[in-house]
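Structure first, then comments.
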Amino acid sequence: MKIIMLGAPGAGKGTQAKMIADKYQIPHISTGDIFRANIKNGTELGKEAKTYMDKGLLVPDELTVKILLDRVAQADCANGYVLDGFPRTIPQAEVLDKALNELGDKIDYAINVDVPDENIINRMSGRRACLSCGATYHLVHIPPKTEGVCDTCGQALVLRDDDKPETVKNRLNVYHEQTQPLIEFYTAKGVLKTVDGTRDMKDVFASIVAILG
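Be aware that the sequence shown starts at 93, since it is given in our numbering, and climbs by one per residue.
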């Protein structure tokens, strides 16, 4: 079972991806994690990716797909995997599709966690992070025991720049321009399934399980 997670930043697709991975015993693969692992392990692909990242450039689609295919060829992906954060654009989806076709493989499901922009802006502006230990909270959904203080290490909590409403709006604009066309791409392939991401996390997950069976 090979699954791609789609949805705007803050829609909760990463959380759902982890829950799917746990339930179906398949790896949750995020491109950021693979890049970091390859760079840390000093692989040839990692070294190549690092030359772009060190210059502040995006890693080219072909190289990203190479690194991804290298990861999904590992033994723990024999029963499938959940891709989180890739593809982000139509060209990436096309390169991935072509590469999988050559291996006689394909994506089984593209799950779109659908949340209106307004909900996402409200949701993300309520997030608070501890810069010291990395713990995250939400003023409404997961509040800290003491307002403004991390439960784990006692440091002050902050609203990160990338969670501020104006930043979130910019990220959503990029998403609508670049990533939303993937919904049509995977609809045309007959693998797109959409779930209502505004509901409780467990209800969203139950909808996904009903699709995956």
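We put the beta carbon where it would ideally sit given N, CA and C, even for glycine.
Outcome for residue i when other beta-carbon atoms lying within 10 angstroms are tallied against a minimum of 16
| i | result |
| --- | --- |
| V151 | buried |
| D146 | exposed |
| G289 | buried |
| I126 | buried |
| L223 | exposed |
| V296 | buried |
| K45 | Outside the shown range of the chain, which is 93 to 305, sits residue 45, and nothing can be said about it. |
| K105 | buried |
Proximity to residue i [Cα-Cα], best of the options
| i | options | result |
| --- | --- | --- |
| P119 | E186, A165, T135, L155 | A165 |
| A170 | F178, L249, D146, L161 | L161 |
| R99 | I300, T244, L304, Y267 | For clarity, residue 99 is Gly in the given sequence; the question names Arg instead. For G99, the nearest C-alpha among the options comes from Y267. |
| Y201 | C245, D209, L155, K285 | K285 |
| G218 | V205, G124, G240 | G240 |
| K190 | A167, P208, V207, E154 | E154 |
| V187 | T156, D292, T238, S122 | T156 |
| H233 | G134, M293, D114 | M293 |
| Q117 | R128, A167, T135 | A167 |
| T135 | R163, A298, S299, T238 | R163 |
Contact test: residue i Cβ vs the ligand COA heavy atom, cutoff 7 Å
| i | result |
| --- | --- |
| R163 | The ligand COA is not part of this structure, which contains no ligands at all. |
DSSP beta-bridge partners of residue i
| i | result |
| --- | --- |
| H120 | V174 |
| L285 | A small fix is needed here, since residue 285 is Lys in this sequence, not Leu. Answer is I203, bridged to K285. |
| V260 | Partner(s): none; V260 has no beta bridge. |
| T228 | A221 |
| L98 | N204 |
Residues near residue i in its chain [Cβ-Cβ closer than 7 Å; skip 5 each side]
| i | result |
| --- | --- |
| N130 | L137, G138, A141, I159 |
| M216 | G102, D255, V260 |
| F277 | I182, A185 |
| L249 | R220, A221, C222, Y229, P236, G240, V241, C242 |
| I275 | L98, N204, L284 |
| T123 | T156, L160, G177, F178 |
Sequence-distant residues of the same chain with beta carbon closer than 6 Å to residue i, five excluded per side
| i | result |
| --- | --- |
| T228 | A221 |
| Q247 | C222, S224 |
| I96 | L175, I199, A202 |
Cut-off 8 Å between Cβ atoms - residues of its own chain near residue i, not counting five sequence neighbours on either side
| i | result |
| --- | --- |
| L264 | A100, P101, D209, I212, I213 |
| Y144 | L150, V151, P152, L155 |
How do the stretch 195-203 and the stretch 240-258 stand: do at least 3 beta-carbon pairs fall below 8 Å, yes or no? The stretch 195-203 is not in contact with the stretch 240-258.
Touch check for the stretch 94-111 and the stretch 167-185: three-plus C-beta pairs under 8 Å? With a cut-off of 8 Å, the stretch 167-185 and the stretch 94-111 count as touching, because enough Cβ pairs lie within range.
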